[in-house]
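Numbers 4 to 247, taken from our numbering, label the letters of the sequence shown in order. Okay, structure first, notes after.
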Amino acid sequence: MAKKINVGTLISGGGTNLQAIIDACKSNLIDANILFTGSDNPGVKGLERAQKADIDTFVVDYAGIITSCKKGINDADLPSDFNLEEILSKQKLVENSASKEQLVFFLKTRAIAERKLLDIILAYDMDLLVLAGFMRVLTPYFIDRINTEPGIYKIMNIHPALLPSFPGTDGYGDTFRYGCKIGGCTVHYIDYGEDTGPIIGQKAFEIEDNDTLEDVKKKGLVKEWELFPQCIQKFADSQNKQSR
Ligand code: GAR
């Protein structure tokens, strides 16, 4: 029998992808267990879904952290292992930042939030971290503390567009407004850029002339619920092959 991989999940909202993964785990469609569900947003439906499935949950309130950082960041607030120059040299999230000051504020604020995530996540024996509708970018500070083996990616994300087209926060909206006749979703690994990491799987659907943006989102989500568990299984298969 294939060994099950231990998966951590991060969400920001409704969690329909999380539900698809929970269901796939429960019905043994995939060789995976969910260890925890974390959210950057308190009170979202996805957390309820996890609790109903007896999965540990936690919240790191990004909005609260950002508000308090706006009042000023002291060096003592930063993680003790935070190295600004190193993160600046690695990050590819902000290419043409309006100012270095804004970029530094962004990276410091995120590192404070990411340290809180890491303090919880790293206590688990996790093989893979899955971003199931997590709407925050992750900086090299976080990524390097999860991807600790050189060349091995351990963070998987779902994006609502056929990458490399339409990266960013509104994949279906951008696809629809461009007038595309094919839309789709992509599961990929996280690297230092925004939605630029290696692609694991994609699914496409047709956009009819009279489809609304809502129709596009509905068609896309149905594809996402199929694709995400399949990509997690791909990862589980590769782990099982390595341990043979
Ligand atoms: C999904 O459409 C997912 O592709 C998207 O958020 C939605 C979450 O829905 N993710 C991103 O845009 C990541 N940048 P869900 O909470 O119902 O799973």
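In this text, a Cβ means the ideal position worked out from N, Cα and C, and glycines have one as well.
Legend entry - Secondary structure, alpha helix (DSSP H): runs of 4+ residues fully inside the segment 97–165: If we require 4 residues or more, the alpha helix (DSSP H) runs fully inside the segment 97–165 come out as 103–124 and 143–149.
Legend entry - Backbone secondary structure at PHE179 - three-state DSSP: Note: PHE179 maps to helix in three-state DSSP.
Inset, instruction - Compute the distance between the beta-carbons of ILE115 and ASP78, then report whether it is under 8 Å. - result: Cβ distance not < 8 Å, so ILE115 and ASP78 don't count as in contact.
Inset, instruction - Return the chain-ordered list of same chain residues with a C-beta closer than 7 Å to the C-beta of ILE202, the five sequence neighbours on each side being excluded. - result: The answer, listed in chain order, is LEU166, THR189 and HIS191.
Inset, instruction - Find out if the Cβ-Cβ distance for the pair GLU117, PHE137 is shorter than 8 Å. - result: No. Outside cutoff.
Inset, instruction - Kindly indicate which residue of LEU216, LYS244 and LYS95 has the alpha-carbon position closest to the one of ILE193. - result: Per the Cα distances, LYS95.
Inset, instruction - Count the CB pairs spanning the segment 16–36 and the segment 222–233 that are closer than 8 Å, and state whether there are at least three. - result: Flag = yes, the segment 16–36 and the segment 222–233 touch.
Inset, instruction - Would you identify the three-state DSSP class for TYR65, choosing helix, strand or coil? - result: Residue state, collapsed to three classes: helix.
Legend entry - CA-to-CA distance, GLY46 to ASP64, given in whole angstroms: Taken atom to atom, the span from the alpha-carbon of ASP64 to that of GLY46 is near 11 Å.
Legend entry - Buried versus exposed, by CB contacts within 10 Å (16 or more), PRO153: Its Cβ having fewer than 16 others within 10 Å, PRO153 is exposed.
Inset, instruction - Name the one or two DSSP bridge partners that ASN9 has. - result: Answer by DSSP bridge pairing, in chain order: ASN36.
Inset, instruction - Would you check if the distance between the CB atom of LYS157 and the CB atom of LEU141 is smaller than 8 Å? - result: Taking C-beta atoms as the reference points, LYS157 and LEU141 fail to come closer than 8 Å.
Inset, instruction - Measuring alpha carbon to alpha carbon, tell me which of PHE208, ILE161 and THR112 ends up nearest GLY200. - result: If we check each option's Cα against that of GLY200, ILE161 comes out closest.
Legend entry - GLN1 (DSSP reduced to helix, strand or coil): Any question about residue 1 goes unanswered here, given that the chain covers just 4 to 247.
Inset, instruction - Please name the residue, chosen from ARG247, GLN245, SER246 and PHE238, that lies closest to ASP34 on a Cα-to-Cα basis. - result: That would be PHE238, whose Cα lies nearest to the Cα of ASP34.
Legend entry - ASN243 vs LYS6 beta-carbon contact at 8 Å: A contact, by the Cβ cut-off of 8 Å.
Legend entry - Minimum C-alpha distance to ILE184 - residue among LEU125, SER168, GLY174 and ASP212: The question names Ile, yet the displayed sequence has Lys at residue 184. Comparing alpha carbon positions, the residue from LEU125, SER168, GLY174 and ASP212 closest to LYS184 is ASP212.
Inset, instruction - Check whether the Cβ of ALA135 sits closer than 7 Å to any heavy atom of the ligand GAR, and report yes or no. - result: Because some heavy atom of the ligand GAR lies under 7 Å away, the Cβ of ALA135 counts as near it: yes.
Legend entry - Contact test: ASN20 Cβ vs the ligand GAR heavy atom, cutoff 7 Å: It does: the Cβ of ASN20 is within 7 Å (strictly closer) of some heavy atom of the ligand GAR.
Legend entry - Candidates GLY174, ILE124 and ALA135, of which the one nearest ARG148 by Cα: ILE124 is the residue among GLY174, ILE124 and ALA135 whose C-alpha sits nearest the C-alpha of ARG148.
Legend entry - Cα-Cα separation between ARG52 and ALA164, rounded to whole angstroms: One C-alpha to the other measures close to 25 Å.
Inset, instruction - Identify whether ILE202 lies in helix, strand or coil by the three-state DSSP scheme. - result: For ILE202, the secondary structure class from DSSP, reduced to helix, strand or coil, is strand.
Legend entry - Any non-hydrogen atom of the ligand GAR closer than 7 Å to THR172 Cβ: Yes; taking the cut-off as 7 Å, the Cβ of THR172 has a heavy atom of the ligand GAR nearer than that.
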